[in-house]
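Using the UniProt record's numbering, the letters of the sequence shown map in sequence onto residues 1 to 435. The beta-carbon is built from N, C-alpha and C at its ideal position, and this holds for glycine as well. These notes concern the structure reproduced below.
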Amino acid sequence: MLLLKYLSLRKTDITQLPSEINNLRELEVLDIRQTDIPSHATTNILLLKLKRLLAGHADPSNFESSPRIPHSVDKMLNMEVLSNVKAQKSRDLKDIGKLWQLRKLGVVIHDMDSHVRNLLQEIGDLHECLRSLSITTTPVASPRKATPSSAELPGSLLKHFPKILESLSIRGTTQKVRLLPLFIDGDKNKLAKVTLCHTPLSKDDLEALAKLPKLRCVRLQHISCTEPMLNFKEGKFKCLKYLLVEGSALTNITFEHGAASELEKMVLSFTGIGSISGVEFLPKLEELELNSSFCGSLLSSFDNVRQITKLTLRGTLLEQDALQLLTKKQNIRCLVLMDKSFGGTHEITLKKDEFLCLNLLVVDCSAITKIVFNSGSTPRLEKIVWSSSTTLSGIDKLPRLKELEFKGDKVPDEVRKAIDKHDNKPSLTGPETQD
Numbered sequence: 001m002l003l004l005k006y007l008s009l010r011k012t013d014i015t016q017l018p019s020e021i022n023n024l025r026e027l028e029v030l031d032i033r034q035t036d037i038p039s040h041a042t043t044n045i046l047l048l049k050l051k052r053l054l055a056g057h058a059d060p061s062n063f064e065s066s067p068r069i070p071h072s073v074d075k076m077l078n079m080e081v082l083s084n085v086k087a088q089k090s091r092d093l094k095d096i097g098k099l100w101q102l103r104k105l106g107v108v109i110h111d112m113d114s115h116v117r118n119l120l121q122e123i124g125d126l127h128e129c130l131r132s133l134s135i136t137t138t139p140v141a142s143p144r145k146a147t148p149s150s151a152e153l154p155g156s157l158l159k160h161f162p163k164i165l166e167s168l169s170i171r172g173t174t175q176k177v178r179l180l181p182l183f184i185d186g187d188k189n190k191l192a193k194v195t196l197c198h199t200p201l202s203k204d205d206l207e208a209l210a211k212l213p214k215l216r217c218v219r220l221q222h223i224s225c226t227e228p229m230l231n232f233k234e235g236k237f238k239c240l241k242y243l244l245v246e247g248s249a250l251t252n253i254t255f256e257h258g259a260a261s262e263l264e265k266m267v268l269s270f271t272g273i274g275s276i277s278g279v280e281f282l283p284k285l286e287e288l289e290l291n292s293s294f295c296g297s298l299l300s301s302f303d304n305v306r307q308i309t310k311l312t313l314r315g316t317l318l319e320q321d322a323l324q325l326l327t328k329k330q331n332i333r334c335l336v337l338m339d340k341s342f343g344g345t346h347e348i349t350l351k352k353d354e355f356l357c358l359n360l361l362v363v364d365c366s367a368i369t370k371i372v373f374n375s376g377s378t379p380r381l382e383k384i385v386w387s388s389s390t391t392l393s394g395i396d397k398l399p400r401l402k403e404l405e406f407k408g409d410k411v412p413d414e415v416r417k418a419i420d421k422h423d424n425k426p427s428l429t430g431p432e433t434q435d
């Protein structure tokens, strides 16, 4: 046990670290993500060979309960990954700057001058090694804890820009300095992934993001902005492959011809009425995910996007007539219907020549009570994944069916009989697959 190198307590009901944790002198990885271990439990950790401390509370939104930075973190010089740890004091952040092997840093700080100042200075100290940076800011509980000065903090606190930084995540706001502009300037910027959550996004910020030469992934979650429009201009976002927009601030998304020409996947989770246009100008868009009732109304905006091969619907509350439009989309190979993708109660009947290219169907929606496959429908369907709330009929009429995966307790007798009747004898997997 004392020679243990990897210890994972992730997703367990453990509520405390053993007092002998520091006896594991060979330990290189400690994973305590998604646990209820109290924040103070990590303060006394001192493991000189530790390379990865993976922290995070069971409630990911409860940042106040994030495990704290160990007091002796400056002595753990082999540390490569330090994720989701909270700075209780500004001095904790200074100690991180001594970890010159650190590749990935995820830190929770208070919106205080001393915290922000020290964090930026230490990021500068790590400019040769840091590849991934996640900053979460929380408001100060009492104004008396904050530095009384009303002057803004200078951006020059970041003396050295991280040379090889590839991933940046910012959650929350800071009153005296805007963090995003500090990390998205420069033609030699290597940022490939940017996530913004509950943080401001200005027009200038968007233009700076658009110029990043290697940016492949952008996530905008519940951001605040002065204008509700997200405009992708011609020739910008040249390498972007993944776009996620969530929240109510951005209600109008427009793509100009030649913008985001490499975009492959789009995820929309609007919490208000919105619109999207110009998607027909996205030649490589293959995957679309819509995650709210407000997004369901956007489905018609993609009628002319013929290259989409995977469609995921969740919370869209579609009606039956919307499905009829989907059945005519010849290129869809994967259709995922998750919870509340349809409103009310529906029995879906698929007719001849509908979903001609569909290979995979995933159904986990209580509103869909039954799916009937008529002869000639979904002729290329190879796999079905479905839950106990939905019954299947006519699967023996699917000529290419190879696999069925059931998410429930007992496989319906109708399905078992259809499998026995099927020429391919498709395999069946799930919790209960034996008589």
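Report task. Measure the C-alpha to C-alpha separation of residue 235 and residue 245 and round it to an integer number of angstroms. Result -> Answer to the nearest angstrom: the Cα atoms are 21 Å apart.
Query raised in the report: Rounded to the nearest angstrom, how far is the Cβ of residue 278 from that of residue 317, given a contact under 8 Å?
Result: With a Cβ gap of about 25 Å, residue 278 and residue 317 do not count as contacting.
Query raised in the report: If you draw a straight line from the alpha carbon of residue 165 to that of residue 241, how long is it in whole angstroms?
Result: If you take the alpha carbons of residue 165 and residue 241, they lie about 18 Å apart.
Query - Contacts around residue 421, its chain only, beta-carbon distance under 8 Å, and the 5 residues preceding and following it disregarded - result: Excluding five sequence positions before and after residue 421, the CB atoms of its chain that fall closer than 8 Å to its own CB belong to 396, given in chain order.
Requested in this report: Below 6 Å CB to CB, which residues in the same chain sit around residue 196 once its five sequence neighbours on both sides are set aside?
Outcome: Around residue 196, the same chain offers 170, 220, 223 as residues with beta carbons nearer than 6 Å, after the five sequence neighbours per side are excluded.
Query raised in the report: Looking only at its own chain, which residues have a Cβ that is under 8 Å from the Cβ of residue 75, when we skip the five neighbours before and after it?
Result: Here the set comprises 46, 48.
Query raised in the report: Could you give the C-beta distance for residue 67 and residue 39, rounded to a whole number, given that I count them as a contact under 8 Å?
Result: Yes, they are in contact, since the Cβ atoms of residue 67 and residue 39 sit about 5 Å apart, within 8 Å.
Requested in this report: Apply the 10 Å Cβ neighbour rule to residue 100 and answer buried if 16 or more other Cβ atoms are within range, or exposed otherwise.
Outcome: With a 10 Å radius around the Cβ and a threshold of 16 neighbouring Cβ atoms, residue 100 comes out exposed.
Query raised in the report: Can you name, in chain order, every residue of its own chain whose Cβ lies under 8 Å from the Cβ of residue 119, other than the five neighbours on each side?
Result: Closer than 8 Å at Cβ, skipping near neighbours: 87, 93, 107, 109, 135.
Query - Straight-line gap, residue 232 to residue 251 (C-alpha atoms, nearest Å) - result: Spanning the two alpha carbons is a distance of roughly 14 Å.
Query raised in the report: So what's residue 354 in DSSP terms, helix, strand or just coil?
Result: When secondary structure is reduced to three states using DSSP, residue 354 falls in the coil class, being assigned neither helix nor strand.
Query raised in the report: Which of the three DSSP states, helix, strand or coil, is assigned to residue 312?
Result: Under the three-state reduction of DSSP output, residue 312 falls in the strand class.
Query raised in the report: Should residue 229 be labelled buried (16 or more other beta-carbon atoms within 10 Å of its own) or exposed?
Result: A residue is called buried when at least 16 other Cβ atoms come within 10 angstroms of its Cβ; residue 229 does not meet this threshold and is exposed.
**Report entry** DSSP beta-bridge partners of residue 52
**Finding:** Bridge partners of residue 52 according to DSSP: 29, 81.
Query raised in the report: So, using beta-carbon positions, are residue 361 and residue 335 closer together than 8 Å?
Result: Cβ atoms of residue 361 and residue 335: closer than 8 Å.
Report task. Rounded to whole angstroms, what's the CA-CA distance from residue 265 to residue 72? Just pull it up for me. Result -> Cα-Cα distance, rounded: 43 Å.
Query raised in the report: Exposed or buried, which one is residue 273 when buried takes at least 16 other CB atoms within 10 Å?
Result: Residue 273 sits exposed, since fewer than 16 C-beta atoms from the chains shown fall within 10 Å of its C-beta.
Query raised in the report: What are the complete beta strand (DSSP E) segments, minimum 3 residues, inside the region 192 to 256?
Result: For the region 192 to 256, whole beta strand (DSSP E) runs of length 3 or above, ordered along the chain, are 193 to 197, 217 to 221, 229 to 232, 242 to 247, 252 to 255.
Query raised in the report: Among 268, 283, 307, 285, which one has its Cα closest to the Cα of residue 297?
Result: For residue 297, the nearest C-alpha among the options comes from 268.
Query - Under the three-state DSSP convention, the category residue 35 falls into - result: DSSP, reduced to helix, strand and coil, places residue 35 within a strand of the structure shown.
Report task. Could you spell out where the alpha helix (DSSP H) holding residue 299 opens and where it closes? Result -> Boundaries for residue 299: no alpha helix (DSSP H) harbours it, and the DSSP string shows neither H nor E there.
Report task. State the CB to CB distance for the pair residue 292 and residue 270, rounded to an integer number of angstroms; the pair is presumed to be in contact (CB under 8 Å). Result -> Correct: roughly 6 Å between the Cβ atoms.
**Report entry** Residues near residue 307 by beta carbon distance below 8 Å, same chain, minus five either side
**Finding:** Same-chain partners within the cutoff: 283, 284, 285, 286, 331.
Query - DSSP beta-bridge partners of residue 385 - result: Paired residues: 362, 405.
Report task. Output the residue ranges of the beta strand (DSSP E) runs that lie fully inside the region 100 to 180 and measure 3 residues or longer, sorted by chain position. Result -> You should have 104 to 110, 132 to 138, 167 to 171.
Query - Buried versus exposed, by CB contacts within 10 Å (16 or more), residue 162 - result: Its Cβ being crowded by 16 or more others within 10 Å, residue 162 is buried.
Requested in this report: For my contact list, residue 27 and residue 5 are in at a C-beta cut-off of 8 Å; report their separation, rounded to the angstrom.
Outcome: Between residue 5 and residue 27 the Cβ distance is about 6 Å, and since that is below 8 Å, they are a contact.
Query - Residue interval of the alpha helix (DSSP H) (run including residue 326) - result: 320 to 327 is the extent of the alpha helix (DSSP H) around residue 326.
Query raised in the report: Are residue 392 and residue 424 closer than 8 Å when you measure CB to CB?
Result: For residue 392 and residue 424, no; Cβs fall outside 8 Å.
Query - Any non-hydrogen atom of the ligand GDP within 7 Å of residue 325 CB - result: The ligand GDP is not part of the structure shown, which contains no ligands of any sort.
Requested in this report: Report yes if the CB atom of residue 290 is closer than 8 Å to the CB atom of residue 263, and no otherwise.
Outcome: Their beta carbons are not under 8 Å apart, which means residue 290 does not touch residue 263 by this criterion.
Query raised in the report: In its own chain, which residues sit with a C-beta less than 6 Å from the C-beta of residue 53, not counting the 5 before and 5 after it?
Result: Here residue 53 has 30, 82 as same chain residues with Cβ atoms under 6 Å from its own Cβ, once five neighbours each way along the sequence are excluded.
Query raised in the report: With residue 337 and residue 359 assumed to form a contact (beta carbons below 8 Å), what rounded beta-carbon distance in angstroms separates them?
Result: In this structure, residue 337 and residue 359 do not form a Cβ contact; the two beta carbons are roughly 15 Å apart against a cut-off of 8 Å.
Requested in this report: Tell me whether residue 71 sits in a helix, a strand or coil according to DSSP, three-state version.
Outcome: In this structure, residue 71 counts as coil in the three-state DSSP scheme.
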